[in-house]
Amino acid sequence: MSEQADLNNAGKHRETGVLLFKDHCYALRCSDGAEYWLEMGSSPCHLIESHVAVEGDFHPPNIMFVESIQPM
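Residue numbers are given in my numbering: position 72 of the sequence shown equals residue 73, and the series is strictly consecutive.
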């Protein structure tokens, strides 16, 4: 499976992209233009506008429950 999430499959995924704060929520914008809304327990304000790797549970169509986020 490619790193980009298959939109039909829920489960564990790893995505990379730029962390955004928009509409009072966190989102990940991938290099192909796809965006995922991120649900997470912490606020990684220091990583906004940075390239990050995110791992967690993916739920179609575009929500990820984040288990880890780290700068790249």
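Backbone N, C-alpha and C fix where the C-beta goes; we use that ideal spot for every residue, glycine too.
- Message: Taking the alpha-carbon of Q71 as reference, which of H47, I64 and D58 has the nearest alpha-carbon?
- Response: Closest by alpha carbon: H47.
- Sequence-distant residues of its chain with Cβ nearer than 6 Å to E56 (five each side left out): If we look at E56 and ignore the five residues flanking it on each side, its Cβ neighbours are R15, E68 and S69.
- From Y27, H60, D58 and D33, residue whose alpha carbon lies closest to that of E50: Proximity to E50 across Y27, H60, D58 and D33 peaks at Y27, based on C-alpha coordinates.
- Closer than 8 Å by C-beta to C31: which residues in its own chain qualify, once you throw out the five before and the five after it? Chain order, please. Counting only Cβ-Cβ distances below 8 Å, and skipping sequence neighbours, we find Q5, E16, T17, G18 and Y37.
- What are the residues that DSSP puts in a beta bridge with L21? BP columns for L21 point to A28.
- Task: Could you tell me if F59 is buried or exposed, where buried requires 16 or more neighbouring beta carbons within 10 angstroms of its beta carbon?
- Result: In the assembly as shown, F59 is a buried residue. Its beta-carbon has 16 or more other beta-carbons within 10 Å.
- First and last residue of the beta strand (DSSP E) that includes P72? From DSSP, the beta strand (DSSP E) with P72 extends over I64 to P72.
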